[in-house]
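Residue numbers (my numbering): -11 to 455.
Comments concern the structure below.
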């Protein structure tokens, strides 16, 4: 048997001289690997075209010794004869072997038997395939580029056309492939939002308006979490760069963080929200934390408090530093030096507020008021006071910062300093979209600062008599 010629009907392990051997001369003359006439093949063998390895079609001039090389004879064959031979050819994948590719199959390396193509019916009905922008374009009577522009809200597309494309996409069940679109436009219209502790209700209050605003502008939001108390910046950076992200909104930046700086070095559009980093020239949206703390401190002092405890957040955050500095400034304006023994540092968590409040209230001279780094810390402070039998605000006043929705709950009625979280979030989303779309025109980093205000509720009052 000639190497490379195998009858597909030979049983694996069967000798080649049993009537299924591939005779090269017979193959060239008849297009069949089986002896005898195609109409009377050996028992158990259907008429076949011999599969073989190579690119030369069956019937093409052979280079085997003794084979005919008469090109004139081949050119003179009538087309009808060619069609007749194709009609009698076997079906390799559910259709006649009329094309060159249908004459060849690969040999299985283990069994040395042909590896036949998959039947058409096994490939699935074309009608079952996922719709594409091309099918939507046909259904809507527009071009593919118009489909793309209409679905991403391009203002250049007329409203009637957009509605027609939307209806066609909905009817066909078409969902745009953001990765494929990104390969063309070099933009996936995807924005990453980096937060730290999702158990802190401050972040959901921030995320909802960010998400809504970005969605209105045609962006998708991917959420990343980063702990500020452990060095995970490199891991977060790697995960960000693995995704096709157009820009990043960072709410976790610390004063000593390299994460934001590396994003800037890589040229990725970025906005810091509720934080800033000294010396880093990037866009940022913040509130007046220093001024808000001064306002809160003055309110406590005006009520008669002189011993004011502070439970601050992490010292490596701009929010903690500015709020602490603002309260100390308010005390200084009233000629009072802050007692370092009344300062506690922790995380922005309920546990931190609870633990440190119990410490402060057990001092020989406890404070009459406690300024908390945020509302969640203040909630922990209220719980700690109640656990010790200390009344709020009759025995100790507690002041928060942020004015998250929970602060207004009847169970807390927390007096706090409000920063407009929703307005800040929406402004940061718009600023990031502008930076993504118009980086060259915008230039250096911008800052937008929002004013804070005092919200008086039920946790702050005058100090107890004699204190």
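Think of the CB as a built atom: it goes at the ideal place given N, C-alpha and C, for glycine as much as any other residue.
In this text, all values refer to a predicted model and were calculated from it rather than measured experimentally.
- The secondary-structure analysis by DSSP pairs residue 403 across a beta bridge with 387.
- For residue 177, no alpha helix (DSSP H) run applies, since DSSP gives it neither H nor E.
- Ranked by Cα distance from residue 177, the first of 298, 393 and 139 is 139.
- Residue 163 sits in coil when the DSSP states are folded into three classes, being neither helix nor strand.
- Excluding five sequence positions before and after residue 418, the CB atoms of its chain that fall closer than 7 Å to its own CB belong to 201, given in chain order.
- Classified as exposed, residue 329 has fewer than 16 neighbouring CB atoms from the shown chains inside 10 Å of its CB.
- Non-local beta-carbon contacts of residue 213 in its own chain, meaning distances under 7 Å to residues more than five positions away in sequence, involve 183, 184 and 186 in chain order.
- For residue 436, the uninterrupted beta strand (DSSP E) segment begins and ends at 435 to 438.
- With respect to the 8 Å criterion, residue 300 and residue 308 are classified as neighbours on the basis of their beta carbons.
- Taking C-alpha positions only, residue 407 is separated from residue 401 by approximately 17 Å.
- Looking at the DSSP output, residue 272 sits in a beta bridge with 260 and 435.
- Boundaries of the alpha helix (DSSP H) harbouring residue 196: 190 to 204, taken from the DSSP string.
- When Cβ pairs closer than 8 Å are counted between the two stretches, the stretch 230 to 243 is seen to touch the stretch 261 to 279, the count reaching three or more.
- Residue 361 has its alpha-carbon roughly 11 Å from the corresponding atom of residue 314.
- By the CB criterion at 8 Å, residue 265 and residue 437 fall outside the cutoff.
- Looking at the DSSP output, residue 441 shares a beta bridge with 406.
- Under a 10 Å Cβ-count criterion, residue 391 is classified as buried, with 16 or more other Cβ atoms of the shown protein chains found around its own Cβ.
- Looking only at 281, 199, 181 and 414, the smallest Cα-Cα distance to residue 227 is reached by 181.
- The beta carbon of residue 249 lies closer than 7 Å to those of 268 in the same chain, with the five residues before and after it left out.
- Per DSSP, the continuous beta strand (DSSP E) segment holding residue 238 begins and ends at 235 to 238.
- In the three-state scheme derived from DSSP, where H, G and I count as helix and E and B as strand, residue 214 is classed as coil.
- Taking C-alpha positions only, residue 197 is separated from residue 189 by approximately 14 Å.
- Beta-bridge pairing by DSSP links residue 297 to 358.
- Within the model, the alpha-carbon separation for residue 327 versus residue 394 is close to 31 Å.
- Straight across, the Cα-Cα distance linking residue 357 with residue 297 is about 6 Å.
- In this structure, residue 261 sits away from residue 439, with a CB-CB distance that is not shorter than 8 Å.
- Partner residues in the beta bridge of residue 331, as assigned by DSSP, are 298.
- Taking a C-beta distance under 8 Å as the contact criterion, residue 370 and residue 380 qualify as a contact pair.
- The way I'd put it, the stretch 281 to 296 does touch the stretch 346 to 357; three or more beta-carbon pairs between them come closer than 8 Å.
- Judged by DSSP in its simplified three-state form, residue 365 adopts helix.
- Taking residue 448 as the centre and dropping the five residues before and after it, the same chain places the C-beta of 381, 385, 387 and 403 closer than 6 Å to its C-beta, in chain order.
- Under the three-state reduction of DSSP, residue 126 is assigned to helix.
- By the C-beta density criterion, residue 335 is buried, having at least 16 other C-beta atoms within 10 angstroms.
- Here residue 416 is near residue 259, since their CB atoms are less than 8 Å apart.
- A buried status is given to residue 372, since no fewer than 16 other beta-carbon atoms sit within 10 Å of its beta-carbon.
- The C-alpha of residue 350 lies about 10 Å from the C-alpha of residue 344.
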